[in-house]
Every structure is written in C-alpha cells, then in structure tokens.
Amino acid sequence: MTEAGVSATQPKKAGPMLAADGRPLKRSLARALRREKTRAFVLIAPLLLFVVLTFIIPILSMLFRSVENQIVSETLPGTVEALRDWDPATADLPPEPVFEHL
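Shown next, in the form of structure tokens:
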C-alpha cells in the first residue's frame, strides 16, 4: 500500500467532536448530565424533606431526651455530700439523709 492509500482511509484530526449546535461534545454532555442530576435532586427533595421531618428528627429528639437528665445533675451533689459520712466497709445501710437526697 502506498502512503496515499493509508492516509485516505484514516480520518484527519480536525479538533474535538462537535454537537449539533456547534459546541464541543464533551461540554454539551457535561451540561446535559448536570441538568439531569439537578432535575433528579429537585424531584427527590420533597421526599427527602418528608423523611427528615417525620423520621430523622423524632429519632434524634428521642436520643437526646434519653441522655439528657437534669434530675441527676440536681440531686447528685447533695447525695455525694450525704455519702461523705458513710463508711461502705461496714455492712450498715447509708444514713437516712442519703435516701432523702435520692
């Protein structure tokens, strides 16, 4: 084969492929994909909001209420103060003021 025969069958590199509107195909594809992702998110947003409001927030609220307890922080200092005089080595129960603080 001659050099002319080989060059006639191979396409010439004329730059990036163009879309129908004349823009580079890569940029047009990226724009179309971005538009599809945005549209998908807009369609899913109400469902996501519903799930967050009716499922996630109540669960987080219950978790917070299960850990947060002001009674312990209010009564524990008095209980500790009442337990200072009690000797746990003895088999006796703590004095009555300890139970009053609890």
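Using our numbering, read the sequence shown as starting at 1 and increasing by one per residue.
Each residue gets a CB set at the ideal place from its N, CA and C atoms; glycine is no exception.
On a predicted model such as this, the values are computed, not experimentally measured, just so you know.
Three-state secondary structure (DSSP) of residue i
i: residue 102; result: coil
i: residue 93; result: coil
i: residue 88; result: coil
Residue i and residue j closer than 8 angstroms at C-beta
i: residue 83; j: residue 72; result: no
i: residue 25; j: residue 18; result: yes
i: residue 86; j: residue 77; result: no
Best match in the options for proximity to residue i [C-alpha to C-alpha]
i: residue 74; options: 44, 29, 101; result: 101
i: residue 79; options: 56, 96, 67; result: 96
| request: Please list the segments of the beta strand (DSSP E) lying wholly inside the segment 13-73, counting only runs of 3 or more residues, in order along the chain. | output: Entirely contained in the segment 13-73, not one beta strand (DSSP E) run reaches 3 residues.
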